[in-house]
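Take a look at the structure set out below.
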């Protein structure tokens, strides 16, 4: 199934490489996401099956706008709108950094799980195997997690690094002002449960107790949608094939040119262009 | 806030769910640069350039690249899980079994009124070091979740599905194991850097800078750009460990003298 190949690929690709530093020790590492988005999103289609694209329009000029024509507006409490441009936001983005600086080691159980946001695997990069293993071993033995900050894709993250079974994993953490405590929420005052209630609850819990957690129970909520779609596809009901989209075709040509250029460079037919990166796509305000 | 009922075997405990995550992101509107008019979004057919209105749009699931199966509003409505107030606990497992990889979005769970069962459940989970695995339907979505003790109270975190979590990569063993001296030094270094985790110490500086920019612009001012961080070169392992230790010890010695 070609689909599963694509997913394998997303899983193997690292999108951040850098060094994990601890004191003056530098460990080259690659960061791999521990999550992928499950399928299940629906596309909006025209009557002929062409996937529709979202575009922005100016209501007073009644015209379609390109991304260069857009700016951001922030509405103040007074109703006044402050205009902010892409350039201004880019200038404020944290500078790219290739370093995760482990500055503190804390008791791994002392981090409130409410702070955990996303997980990434940290795998050893070139020639870092020994120092990597050493750090893993020491962290596992001491029961400590490392706290660090680092910059990835123009955003600064606070992370906790855990060592588990010889593998380092980074959990991005929410910032303190993103987490509401039970006091912020205003939960009612605690009531002391009487022994009879405690006993009743203890028995109810014990009745459902298992030694192990099985991920198989965590079925994909989009499964019914996928099943229905596959079933209709097999019986050839309501199947449409998208006509070649002009906008997408344009994009494909750029990629193809790049592939050709690289192939030529690699075959040694031209000396130029081997290091040239793919044309950077224009940053759009609507992301 | 959302009202539900925790189902633990035959027990039913009325609870309220409260979001534990605050949306602090800076939300912008998109404006047309020339007239600062707020933009409208439309769905466009890229081949014909025609704008499509809601009643002209069909929904399709991509079964293969470029091939879609159309799903009617009636079919989609039938797929939506039936609304329910029940948060069904189907198992309790040791808390250590569930790594943070599974956690998605946390909620505070509060008792509905005076509920000794609620506080008894929080206490049992805390004493026994267990988490409850739950399934429920909330606002037309089916969720998996983990119910945990949080002090005297309970939290419920939605969990990623098995599909969404990538298998842990395998790390090849080191060609040469670290020697006892290196291990001892690394241990000392970790201990020297040991401390408490205090979330309040860390701030989203980027968000603060954007807010400063907005406030400065509102007052008609300009902002200076932030400075660049420095990079560092790699050093051989043993000597790096030794020097790090000395550095950390020196820093700590200095601190003690200052506070004395």
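Protein chains in written order, with our numbering: chain A, 1 to 287; chain B, 1001 to 1260. The C-beta atom is built at its ideal place from N, Cα and C for all residues, glycine as well. Just so we're clear, the structure is a prediction, and the values are computed from it rather than from any experiment.
Restricting to Cα atoms, I'd like to know which of B/1250, B/1213 and B/1020 is closest to residue 72 of chain A. Here residue 72 of chain A is taken as the residue at index 72 of the first chain, counted from 1. It is B/1213.
Indicate whether at least one CB of chain B lies closer than 8 Å to the CB of residue 170 of chain A. Translated into positions along the first chain, residue 170 of chain A becomes position 170. Answer no: the Cβ-Cβ gap between residue 170 of chain A and chain B never drops below 8 Å.
How close, in whole Å, do the beta carbons of residue 152 of chain A and residue 1043 of chain B come, if the pair is a contact with beta carbons under 8 Å? Reading the first chain from its first residue, position 152 is the one you call residue 152 of chain A. Reading the second chain from its first residue, position 43 is the one you call residue 1043 of chain B. Actually they do not touch by this definition, with Cβ atoms about 32 Å apart.
DSSP has residue 1012 of chain B in a bridge; who is on the other side? As a position in the second chain, residue 1012 of chain B is number 12, starting the count at 1. DSSP lists B/1007 as partners of residue 1012 of chain B.
Endpoints, beta strand (DSSP E) assigned at residue 234 of chain A: In the first chain, counting from the first residue as 1, residue 234 of chain A sits at position 234. No beta strand (DSSP E) contains residue 234 of chain A, which is instead part of the alpha helix (DSSP H) from 223-234.
Thinking just about the alpha-carbon of each residue, which of B/1244, B/1056 and B/1009 is nearest to the one in residue 1187 of chain B? Translated into the one-based positions of the second chain, residue 1187 of chain B becomes position 187. Residue B/1244 is the option with its Cα nearest to residue 1187 of chain B.
Our contact map puts residue 1182 of chain B next to residue 168 of chain A with C-beta atoms below 8 Å; I'd like the distance itself, whole angstroms only. For the purposes of this step, residue 1182 of chain B is identified with residue 182 of the second chain, where counting begins at 1. For the purposes of this step, residue 168 of chain A is identified with residue 168 of the first chain, where counting begins at 1. In fact, because the Cβ distance is near 18 Å, the residues do not count as touching under 8 Å.
Relative to the C-alpha of residue 1045 of chain B, which residue among A/52, A/207, A/109 and A/91 is closest? Here residue 1045 of chain B corresponds to residue number 45 of the second chain, with the count starting at 1. Looking at the Cα atoms, A/52 is the closest of the given residues.
So the beta strand (DSSP E) residue 157 of chain A belongs to, where does it begin and stop? Taking the first chain and counting its residues from 1, one reaches residue 157 of chain A at position 157. It spans 155-164 - the beta strand (DSSP E) in which residue 157 of chain A sits, taken as one unbroken run.
Between the CA atoms of residue 202 of chain A and residue 1251 of chain B - distance to the nearest angstrom: Along the second chain, one-based indexing puts residue 1251 of chain B at 251. Along the first chain, one-based indexing puts residue 202 of chain A at 202. Near 50 Å, if we compare the C-alpha coordinates of residue 202 of chain A and residue 1251 of chain B.
Quick one: is residue 204 of chain A near chain B, going by C-beta distance under 8 Å? Walking along the first chain from the start, residue 204 of chain A turns up at place 204. By the rule that beta-carbons nearer than 8 Å mark a contact, residue 204 of chain A touches chain B.
If you compare alpha carbons, which of B/1124, B/1086, B/1034 and B/1197 is closest to residue 1002 of chain B? Taking the first residue of the second chain as 1, we reach residue 1002 of chain B at position 2. It is B/1086 whose Cα lies nearest to the Cα of residue 1002 of chain B.
Reference residue 238 of chain A, options B/1034, B/1068, B/1064 and B/1024, closest by Cα: One-based indexing of the first chain puts residue 238 of chain A at position 238. For residue 238 of chain A, the nearest C-alpha among the options comes from B/1068.
Proximity winner among A/23, A/223, A/33 and A/95, relative to residue 156 of chain A (alpha-carbon distances): Here the question's residue 156 of chain A lines up with position 156 in the first chain. Per the Cα distances, A/95.
Please list, in chain order, the chain B residues whose beta carbon lies closer than 9 Å to that of residue 164 of chain A. For this step, residue 164 of chain A is matched to residue 164 along the first chain. The contacting residues are 1099 and 1168.
Can you name the start and end residues of the alpha helix (DSSP H) that residue 1215 of chain B belongs to? Sequence index remark: in the second chain, residue 1215 of chain B carries index 215 (1-based). Where residue 1215 of chain B is concerned, the enclosing alpha helix (DSSP H) starts and stops at 1205-1218.
Reduced DSSP category for residue 109 of chain A - H, G, I as helix; E, B as strand; rest coil: Walking along the first chain from the start, residue 109 of chain A turns up at place 109. It is helical.
How far does the beta strand (DSSP E) with residue 1104 of chain B in it reach, from first residue to last? By 1-based counting over the second chain, the position of residue 1104 of chain B is 104. Per DSSP, residue 1104 of chain B belongs to the beta strand (DSSP E) from 1103-1111.
Please name the residue or residues paired with residue 206 of chain A in a DSSP beta bridge. Start at 1 with the first residue of the first chain, and residue 206 of chain A comes out as number 206. Note: residue 206 of chain A sits in no beta bridge, so no partner.
What first and last residue would you give for the alpha helix (DSSP H) that runs through residue 17 of chain A? Numbered from 1 along the first chain, position 17 holds the residue referred to as residue 17 of chain A. Here residue 17 of chain A belongs to no alpha helix (DSSP H); instead the beta strand (DSSP E) covers 16-22.
Compute the distance between the beta-carbons of residue 145 of chain A and residue 162 of chain A, then report whether it is under 8 Å. Translated into the one-based positions of the first chain, residue 145 of chain A becomes position 145. Translated into the one-based positions of the first chain, residue 162 of chain A becomes position 162. Yes; because the gap between Cβ atoms is below 8 Å, this pair is in contact.
Name, please, each residue of chain A whose Cβ falls closer than 9 Å to the Cβ of residue 1138 of chain B. Numbered from 1 along the second chain, position 138 holds the residue referred to as residue 1138 of chain B. Simply none; closest approach about 11 Å.
Does the Cβ of residue 1074 of chain B have 16 or more other Cβ atoms within 10 Å, making it buried, or fewer, making it exposed? Looking up residue 1074 of chain B in the second chain gives position 74. So residue 1074 of chain B ends up on the exposed side.
Contacting positions in the segment 146-158 of chain A - beta carbon closer than 9 Å to chain B: 146, 147, 149, 151, 154, 155, 156 and 158
For residue 185 of chain A, which option in B/1154, B/1145 and B/1208 has the closest C-alpha, if you only look at C-alpha atoms? Locating residue 185 of chain A in the first chain gives position 185, where the first residue counts as 1. Selected option, being the one with the closest Cα: B/1154.
Count the other CB atoms within 10 Å of the CB of residue 1141 of chain B; is the residue buried (16 or more) or exposed (fewer)? Start at 1 with the first residue of the second chain, and residue 1141 of chain B comes out as number 141. So residue 1141 of chain B ends up on the exposed side.
Using the Cα positions of residue 1092 of chain B and residue 1070 of chain B, report the straight-line distance between them to the nearest angstrom. Here residue 1092 of chain B is taken as the residue at index 92 of the second chain, counted from 1. Here residue 1070 of chain B is taken as the residue at index 70 of the second chain, counted from 1. If you draw a straight line from the Cα of residue 1092 of chain B to the Cα of residue 1070 of chain B, it comes to about 41 Å.
Among A/22, A/41, A/219 and A/210, which has the Cα closest to the Cα of residue 1128 of chain B? The count along the second chain starts at 1 and reaches residue 1128 of chain B at position 128. Cα-wise, what sits closest to residue 1128 of chain B is A/210.
Would you kindly work out how many angstroms separate the C-alpha atoms of residue 68 of chain A and residue 46 of chain A, rounded to a whole number? Stepping through the first chain from its first residue, residue 68 of chain A is reached at position 68. Stepping through the first chain from its first residue, residue 46 of chain A is reached at position 46. Their Cα atoms are separated by approximately 27 Å.
Using beta carbons (cut-off 8 Å, strictly below), is residue 1067 of chain B in contact with chain A? Your numbering for residue 1067 of chain B matches position 67 in the second chain. It does; some Cβ of chain A falls within 8 Å.
Using a Cβ cut-off of 7 Å, which residues of the segment 104-131 of chain A contact any Cβ in chain B, in chain order? Hits within the stretch, in order: 104, 105, 106, 110, 111, 113, 114, 115, 116, 119, 121, 123, 124, 129, 130 and 131.
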